[in-house]
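Student:
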Amino acid sequence: MNDRAPSDLDPTRGLAVLAAAWEAVTVPVLVHGVDAVVHVNAAMQRLLGYGPDALAAMPFDAWAAPSHRDALKTYGLQAISQDGLPPAIEIDALTASGSVRSLELTARPVTVDGRRLNVLTVQDLSDMRHVQTSLLDVGRVLHQIIENNPVASLVLDAEHRVTHWNAACAQLTGHDSFDMLGRRDAWRGFYPEERPLLADLIIDGTIEAQCDALYGGRCRRSETIDDAYEAESFFPAMDDGRWLFFTAAPLRDAQGAVVGAIETLQDVTHRRRAEEEVRRHRAELEDLVNERTAELLLTHHELEAFLENASVGIISTQNQRTTRGNRKFADMFELGDLSASGLSTRRFFASDEDYEALGAVAFPVLSRGESLLHEMEMVTAQGRRLWVQVIAYVANPLDPSSQTWWLLQDRTEVRRVQTEIEDNYQRLKQTNARLEEAQNQLLQSEKMASIGQLAAGVAHEINNPVGFVSSNMGTLRSYVEPLFGLLDVLAAQPAGALPETVAAALRDLDRRIDLSFVKEDLPQLLDESEDGLVRVKKIVQDLKDFSRVDHAEWQDADLNAGLESTLNVVMNEVKYKAEVRKDFGVLPPVRCIAAQLNQVFMNLIVNAAHAIPERGEIRLRTRAEDDWVCVEVEDTGVGMPEDVRRRIFEPFFTTKPVGQGTGLGLSLSYSIVQKHAGRIEVDSVPGQGTTFRVRVPVRPPEPVA
Numbered sequence: 001m002n003d004r005a006p007s008d009l010d011p012t013r014g015l016a017v018l019a020a021a022w023e024a025v026t027v028p029v030l031v032h033g034v035d036a037v038v039h040v041n042a043a044m045q046r047l048l049g050y051g052p053d054a055l056a057a058m059p060f061d062a063w064a065a066p067s068h069r070d071a072l073k074t075y076g077l078q079a080i081s082q083d084g085l086p087p088a089i090e091i092d093a094l095t096a097s098g099s100v101r102s103l104e105l106t107a108r109p110v111t112v113d114g115r116r117l118n119v120l121t122v123q124d125l126s127d128m129r130h131v132q133t134s135l136l137d138v139g140r141v142l143h144q145i146i147e148n149n150p151v152a153s154l155v156l157d158a159e160h161r162v163t164h165w166n167a168a169c170a171q172l173t174g175h176d177s178f179d180m181l182g183r184r185d186a187w188r189g190f191y192p193e194e195r196p197l198l199a200d201l202i203i204d205g206t207i208e209a210q211c212d213a214l215y216g217g218r219c220r221r222s223e224t225i226d227d228a229y230e231a232e233s234f235f236p237a238m239d240d241g242r243w244l245f246f247t248a249a250p251l252r253d254a255q256g257a258v259v260g261a262i263e264t265l266q267d268v269t270h271r272r273r274a275e276e277e278v279r280r281h282r283a284e285l286e287d288l289v290n291e292r293t294a295e296l297l298l299t300h301h302e303l304e305a306f307l308e309n310a311s312v313g314i315i316s317t318q319n320q321r322t323t324r325g326n327r328k329f330a331d332m333f334e335l336g337d338l339s340a341s342g343l344s345t346r347r348f349f350a351s352d353e354d355y356e357a358l359g360a361v362a363f364p365v366l367s368r369g370e371s372l373l374h375e376m377e378m379v380t381a382q383g384r385r386l387w388v389q390v391i392a393y394v395a396n397p398l399d400p401s402s403q404t405w406w407l408l409q410d411r412t413e414v415r416r417v418q419t420e421i422e423d424n425y426q427r428l429k430q431t432n433a434r435l436e437e438a439q440n441q442l443l444q445s446e447k448m449a450s451i452g453q454l455a456a457g458v459a460h461e462i463n464n465p466v467g468f469v470s471s472n473m474g475t476l477r478s479y480v481e482p483l484f485g486l487l488d489v490l491a492a493q494p495a496g497a498l499p500e501t502v503a504a505a506l507r508d509l510d511r512r513i514d515l516s517f518v519k520e521d522l523p524q525l526l527d528e529s530e531d532g533l534v535r536v537k538k539i540v541q542d543l544k545d546f547s548r549v550d551h552a553e554w555q556d557a558d559l560n561a562g563l564e565s566t567l568n569v570v571m572n573e574v575k576y577k578a579e580v581r582k583d584f585g586v587l588p589p590v591r592c593i594a595a596q597l598n599q600v601f602m603n604l605i606v607n608a609a610h611a612i613p614e615r616g617e618i619r620l621r622t623r624a625e626d627d628w629v630c631v632e633v634e635d636t637g638v639g640m641p642e643d644v645r646r647r648i649f650e651p652f653f654t655t656k657p658v659g660q661g662t663g664l665g666l667s668l669s670y671s672i673v674q675k676h677a678g679r680i681e682v683d684s685v686p687g688q689g690t691t692f693r694v695r696v697p698v699r700p701p702e703p704v705a
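Residue numbers (UniProt numbering): 1 to 705.
#1: What residue from E553, D354 and D185 has the CA that sits closest to I593's CA?
#2: Is there contact here, the stretch 246 to 261 with the stretch 189 to 202, by at least three beta-carbon pairs under 8 Å?
#3: Of all the options A54, Y191 and S222, which has the alpha carbon lying nearest to the alpha carbon of N235?
#4: Assuming Q409 is part of the beta strand (DSSP E), what are its boundary residues?
#5: Suppose you measure from the CA of residue 706 to the CA of A167; what does that come to, to the nearest Å?
#6: Across which residues does DSSP place F692 in a beta bridge pair?
#7: Flag this pair as touching only if the stretch 112 to 132 and the stretch 213 to 233 have three or more C-beta atom pairs under 8 Å; answer yes or no.
#8: Which residue or residues does DSSP assign as beta-bridge partners of A64?
#9: Tell me, please, whether the stretch 632 to 641 touches the stretch 612 to 620 by the rule of three or more beta-carbon pairs shorter than 8 Å.
#10: Do the stretch 391 to 399 and the stretch 413 to 424 touch if we need at least three Cβ pairs shorter than 8 Å?
#11: Can you give me the Cβ contacts of Q409 inside the same chain, cut-off strictly under 6 Å, excluding the 5 residues immediately before and after it?
#12: Mark R195 as exposed unless 16 or more other C-beta atoms lie within 10 angstroms of its C-beta, in which case mark it buried.
#13: Can you list, in chain order, the residues of its chain with a C-beta nearer than 7 Å to that of Q78? Leave out the 5 residues immediately preceding and following it.
#14: Would you kindly work out how many angstroms separate the C-alpha atoms of S667 and R679, rounded to a whole number?
#15: For N424, is the classification buried or exposed, using 16 other Cβ atoms within 10 angstroms of its Cβ as the cut-off for buried?
#16: Sorted by chain position, which residues of the same chain lie with C-beta nearer than 8 Å to V658's C-beta, five sequence neighbours on each side aside?
#17: Does DSSP put V698 in a helix, in a strand, or in coil?
#18: Under the rule that 16 or more other beta-carbon atoms within 10 Å means buried, what is M44, buried or exposed?
#19: State buried or exposed for I225, treating a residue as buried only when at least 16 other CB atoms are found within 10 Å of its CB.
#20: Count the C-beta pairs between the stretch 155 to 162 and the stretch 179 to 186 that are closer than 8 Å, then say yes if the count reaches three, no if not.
#21: If you draw a straight line from the C-alpha of S401 to the C-alpha of E230, how long is it?
#22: According to the neighbour-count rule (16 or more other Cβ atoms, all chains shown, within 10 Å of its Cβ), is D626 buried or exposed?
#23: Whole angstroms is fine: what's the gap from V518's alpha carbon to L567's?
#24: Near V365, what residues of its chain come up, given a Cβ to Cβ distance below 7 Å and the 5 sequence neighbours on each side ignored?
#25: My output table needs one value for R324: the three-state DSSP class, helix, strand or coil.
#26: Restricting to runs no shorter than 4 residues, where is the alpha helix (DSSP H) found entirely within the UniProt domain "PAS" (138 to 210)?
#27: So, helix, strand or coil for N118, using DSSP?
#28: Should the stretch 581 to 598 be called in touch with the stretch 684 to 701, which here means at least 3 C-beta pairs below 8 Å?
#29: Starting from P109, follow its DSSP beta bridges and name the residues at the other end.
#30: By a C-beta neighbour count over all protein chains shown, 10 Å radius and 16 as the cutoff for buried, is I207 buried or exposed?
#31: Among the candidates G256, N290, S344 and E308, whose CA atom is the shortest distance from the CA of R327?
#32: Within this structure, are the beta carbons of L265 and A152 separated by less than 7 Å?
#33: Starting from L30, trace the alpha helix (DSSP H) both ways and give me its first and last residue.
#34: Under the three-state reduction of DSSP, which class applies to L563: helix, strand or coil?
#35: How far does the beta strand (DSSP E) with D583 in it reach, from first residue to last?
#36: Ignore the nearest five residues each way along the sequence and tell me which others in F245's own chain have a CB closer than 6 Å to its CB.
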């Protein structure tokens, strides 16, 4: 690499040759004409961060900081237009990344291929300027540190002249810095007569020889600052007398030579006076302690007597071991000859889980310095279980890790009686609830049985007249057809074949009743009447199938037929709210009490209709699943939230307004399905709908009473 300055190159050589030479040097070089950059070597490109094309496209002064562009332009143009070498200048350059660099530019005008150019050789001064600025900043910071230090501070140079005398030092001594700076008698701020300060001794190098003589053994090397000394002394001339603690340390140059010293002084008068006061109070306190010790000893004896004779077990523990225990504790836990102290607290619990459970309850409370009230099961040394009430508190609330006191009362018998009472109460509640549920279900079942009997009676009463009407309709049809045949024969007779009176009567009858219309309409009326009778018979049969009063025992039943008949019975409740879609699979006969399952289907269908606010859809699906039959009732109603879904089969639980539901329909349905050894499930999405799914075995294990 050629490090020769580009200004030493022969200007008579061609631009291409000179450009190659400029590229070979490590010094940044920029060559420009009157208004444009001609060449930039690689070093200059790296410095500015621009490529050659970018620099060639901009005015030659565009890379300078805005405030320095005029100076750069003037300097470059003067170099081109004048003979001789202009002096170097310093400018700030703006790099492509936006950073600012301080540069020194040296111009060398040249003529290349008949063109006047200026060769700028660049030296980057940024790092040097940064160091200079940093040194100035450090000096200012050091001056500010000393001046703003709340501790009185002074600095002497090698000639013992005062170079710093901060505000705190001026306040302490009463001598202003304007009076002291530059003087060699810093002692005037502290002593009535001339004598050296610690800083003077460090500068002279005589501190080891004079320290004891001047400070009476109160001078020593600093333990925290190298080569520093510290002392404490009384200054009677300052106010009413002051105790000062002062530290002095040498200031060295780069070669380690002492060029001065810094000394700091702290007023410790209040501390010294407080120490005297402490010594006086200590003597008084020792007398008081002796008196209190005697009182505490008496209290200790009284407390020991109380602990040993207390009616509850009392122990103290630390680090998970007992430190003492009274007689009641030893008896309660059947310790026998075992000492109550030094025992692991774990041994009084039946399991690690019980032991850790107490810790989980006690630790947060006791660590806050609070007392604990708790009941738990514990174990005696002989393995007998006790139910114990515990009161615990730490001996020192400010130190939760200190000793803990435990008061233990045996409540085993009380617990047994409470448990027995609670068990009896729960059994009574359960029995009462079962009785209440059974009573209501019985009432519901009796009501349904009564409805079934009523429906069967009504069906029977309707069947008789329907039978009469149906028989009479058949007879009527057999009468009408020959009668119409006779009328047709009479009408077909030629004129004059019938007596005039008969012919006139036939014409009058035809005119009054329109025999042709009657002959056409009457068969249709008979057909419609017979269809109506068939529908009435179907409804009557559905009523009988729904109630199944004649089949109240376990027998095989077609659940598709039962679902169909139930739907017909409740259709008046459903048809205004929903369209019913049926998807019935092929089902085997199911061993069941059909009337009870019909009641389940009725509850589910009616509930589905009630869940649809305006108009929706109810889907009825059946299918065989191995040895089971599944019946699904799905609606597109409002659905139900999870908390309602979990309680939907509870007795007396209802989401309907007061007076519109008993809360027993689904509870009774649940009981009926369980009686059939089956399952009833519900899936629901709020806002989308609900699906009830009833699964019953084709052959239950045995009829459930």
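Where is the CB? At the ideal position from N, CA and C, for every residue including glycine. If you're wondering where the values come from, they're calculated on a predicted model, not measured in any experiment.
Tutor: Judging by the given coordinates:
#1: Restricting attention to E553, D354 and D185, the CA atom closest to the CA of I593 is found in E553.
#2: yes
#3: Per the sequence shown, the amino acid found at residue 235 is Phe instead of Asn. Closest by alpha carbon: Y191.
#4: T404 to D410
#5: Outside the modelled stretch of the chain, which goes from 1 to 705, sits residue 706, for which no answer is possible.
#6: V633 and V682
#7: No contact exists between the stretch 112 to 132 and the stretch 213 to 233.
#8: Answer by DSSP bridge pairing, in chain order: A93.
#9: yes
#10: no
#11: V312 and Q389
#12: Counting the other Cβ atoms within 10 Å of the Cβ of R195 gives fewer than 16, which makes it exposed.
#13: P86
#14: 13 Å
#15: exposed
#16: At V658 the pLDDT is 45, less than 50, meaning the model places this residue with poor confidence and gives no usable figure here.
#17: coil
#18: buried
#19: exposed
#20: Look at the beta carbons and you see the stretch 155 to 162 touching the stretch 179 to 186: at least three pairs across the two are nearer than 8 Å.
#21: 42 Å
#22: exposed
#23: 39 Å
#24: If we look at V365 and ignore the five residues flanking it on each side, its Cβ neighbours are L372.
#25: Looking at R324 - three-state DSSP - the assignment turns out to be strand.
#26: 167 to 173, 177 to 180 and 198 to 204
#27: strand
#28: The answer is yes - the stretch 684 to 701 touches the stretch 581 to 598, with three or more Cβ pairs under 8 Å.
#29: N118
#30: buried
#31: E308
#32: yes
#33: Premise fails: L30 lies in the beta strand (DSSP E), V29 to H32, not in any alpha helix (DSSP H).
#34: helix
#35: A578 to F584
#36: Within its own chain, the residues whose Cβ lies closer than 6 Å to the Cβ of F245, once the five positions on either side in sequence are excluded, are E232, Q266 and V268, listed in chain order.
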